[in-house]
Every structure is written in C-alpha cells, then in structure tokens.
Amino acid sequence: GIQVEQSPPDLILQEGANSTLRCNFSDSVNNLQWFHQNPWGQLINLFYIPSGTKQNGRLSATTVATERYSLLYISSSQTTDSGVYFCAVDILTGGGNKLTFGTGTQLKVEL
Amino acid sequence: DTEVTQTPKHLVMGMTNKKSLKCEQHMGHRAMYWYKQKAKKPPELMFVYSYEKLSINESVPSRFSPECPNSSLLNLHLHALQPEDSALYLCASSQEISAGQGFWEEQYFGPGTRLTVT
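Keeping their order, the protein sequence lines are chains L and G.
Residue 185 in my numbering sits at position 95 of the first sequence, with consecutive numbering throughout.
Residue 518 in my numbering sits at position 5 of the second sequence, with consecutive numbering throughout.
Spelled out as structure tokens, the structure:
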C-alpha cells in the first residue's frame with residue numbers, strides 16, 4: 091500500500107518561532123488533508139489541499155502532487171499549537187475516500 | 514456546521530460484555546467511517562459506509578460489527594473484545610463532490626470514544 095512519511099517526528103519550539111512540517115507520499119493520490127490532533131484526541135481539519143498553496147491565519151500549506159510531498163508552515167507559534175500534526179492522503183475509491191495517515195509530527199511549543 | 518458527535522466519550526468493558534459506540538452527523542454527508550487509533554500511532558481505517566451500504570472493510574475481526582441505520586447515524590457494535598482492542602475509536606464523515614463519480618470531499622472527525630477493555 092501507499093507509504094506516508096512525515097518529518098520531523100518530534101519538534102520543540104519556543105513560542106513565536108516558525109516551523110515547517112513535511113509529508114512525503116509514495117504514490118499518486120486523489121487528495122491530501124492536514125489535521126491537528128489536540129491532547130484530548132480531537133482531529134481538527136487544517137487544510138484540504140490536493141495541490142497548490144492555501145493560507146489560514148498563521149498556518150499555510152503547499153502540496154506539490156507531481157513530486158509527492160506537502161508542507162505545512164506554522165508561523166509565530168503559540169502554546170496552543172502543541173499536539174500532533176498528521177497529513178492524510180486520499181486514494182480514489184468508489185466507496186468513499188480511503189484516508190491513509192502519515193506517521194505524524196509531535197509538536198511542543200514552550201514559553 | 515461541521516460537527517460529528519460520538520457517544521460515549523469513555524467506555525470500560527469486560528471481555529464478555531456487549532457494547533455499542535454511536536456516531537451522528539447532520540451535514541448531509543453520505544459516507545461515514547470508523548477508525549481505530551492506538552496510543553502514539555496514526556488513525557487506521559476500519560470501515561467505510563457509502564450511501565448506507567458497507568463499502569470497505571479493512572479485514573477487521575468479526576468482534577467489531579458496524580451498522581448504518583440511516584444516513585446520519587453510524588454504530589459500532591462490540592462483542593468479546595480483547596485487551597489489545599483498547600484504543601481511541603474515531604468516527605468521520607464526508608460528502609461526495611459529484612453524485613456517482615466517486616470523488617469525496619474532506620473528512621470531518623468526531624471527538625472519539627476512548628475504549629478500555631479489561
């Protein structure tokens with residue numbers, strides 16, 4: 091099956107710092123989502139981004155589907171950004187989009 | 514409203530018990546999903562329902578039995594579970610972009626049920 095690797099696996103930032111998270115995938119995909127999983131387990135949708143660049147406040151994402159990677163940028167990080175960031179790729183099926191999640195990046199933002 | 518709700522939030526059950534997890538969405542989505550997430554691991558797909566029919570079963574053991582009574586509800590019936598089945602169970606839903614084309618929009622997740630099997 092498709093492999094989805096994220097880097098770095100762990101990241102510690104000082105509040106106010108910027109960071110880039112990477113997602114590499116091994117095959118063509120129909121779509122890609124970025125999620126933030128908070129400490130209580132809730133997966134929060136960040137971006138739905140098959141290609142191109144999107145921005146939402148301090149976050150932005152870029153997907154280059156032809157080169158099989160996506161990047162998530164976090165600027166001016168805050169302690170509330172802590173948690174696990176997952177990318178998930180969508181393989182086309184007739185019966186619903188089958189998401190395969192990446193390995194995740196555990197982010198901790200410190201004061 | 515992009516809300517998916519799940520009940521209960523927490524569940525502790527013995528290996529001989531029968532219990533059910535419930536999931537509900539009112540976004541008019543026609544695909545619903547169950548995922549299992551072990552600690553410090555990514556979520557893994559278990560089942561997909563499309564238009565209230567089971568469309569994907571990821572070789573899940575029969576002690577997990579999904580049910581989709583209508584387009585808004587998804588249940589997961591649990592029976593004779595093992596301690597290794599303890600995990601966070603997540604429900605999600607998505608909408609088809611163009612009817613019958615098999616292209617689905619982004620998935621939205623519920624808060625999960627944290628299951629402990631003793």
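Cβ atoms here follow ideal geometry from the backbone N, Cα and C, with glycine treated the same way.
Can you pull the chain L residues whose beta carbon is under 7 angstroms from the beta carbon of G/W547, in chain order? As a first step, residue 547 of chain G must be located in the second sequence, where it is residue number 34. Among the residues of chain L, none has a CB under 7 angstroms from the CB of G/W547; the nearest is roughly 11 angstroms distant.
Residues that L/K188 contacts on chain G, provided the C-beta gap is smaller than 8 angstroms: Taking the first sequence and counting its residues from 1, the one referred to as residue 188 of chain L is at position 98. Chain G residues near L/K188: L558, V561, I569.
Here's the rule: buried if 16 or more other CB atoms are within 10 angstroms of the residue's CB, otherwise exposed. What is G/N583? Looking up residue 583 of chain G in the second sequence gives position 70. It counts as exposed.
If you follow the beta strand (DSSP E) that G/C518 is in, where does it begin and where does it stop? Sequence index remark: in the second sequence, residue 518 of chain G carries index 5 (1-based). Before going on, a small fix: residue 518 of chain G reads as Thr here, not Cys. It spans 517-520 - the beta strand (DSSP E) in which G/T518 sits, taken as one unbroken run.
Report yes or no: is there a C-beta of chain G within less than 8 angstroms of the C-beta of L/G194? One-based indexing of the first sequence puts residue 194 of chain L at position 104. Yes, its Cβ sits closer than 8 angstroms to a Cβ of chain G.
Residues in its own chain within less than 8 angstroms of G/Q550 by CB, not counting five upstream and five downstream? In the second sequence, counting from the first residue as 1, residue 550 of chain G sits at position 37. Taken in chain order, the residues that qualify are P556, E557, A600, L601, Y602, L603, G625.
Would you call L/T195 buried or exposed, if buried means 16 or more other Cβ atoms sit within 10 Å of its Cβ? Reading the first sequence from its first residue, position 105 is the one you call residue 195 of chain L. Classification of L/T195: buried, given that the 10 Å Cβ count is 16 or more.
Counting only the same chain and skipping the five closest in sequence on each side, list residues whose C-beta sits under 6 angstroms from that of L/A151. As a working mapping, residue 151 of chain L is identified with position 61 in the first sequence. Contacts found: W124, F137, I139, K144, L162.
Residues in its own chain within less than 7 angstroms of G/V630 by CB, not counting five upstream and five downstream? Stepping through the second sequence from its first residue, residue 630 of chain G is reached at position 117. Excluding sequence neighbours, G/V630 sits near M526, M528, L594, Q595, P596, D598, S599.
Since L/D180 and L/V119 should fall inside the 8 angstroms C-beta cutoff, what is the C-beta to C-beta distance between them, to a whole number of angstroms? For the purposes of this step, residue 180 of chain L is identified with residue 90 of the first sequence, where counting begins at 1. For the purposes of this step, residue 119 of chain L is identified with residue 29 of the first sequence, where counting begins at 1. Sure, about 6 angstroms apart at Cβ, within 8 angstroms.
Which residue wins for smallest C-alpha separation from G/Y621, given the options G/M545, G/I610, G/V561? Counting from one through the second sequence, the residue named residue 621 of chain G turns up at place 108. The residue with the shortest Cα to Cα distance from G/Y621 is G/M545.
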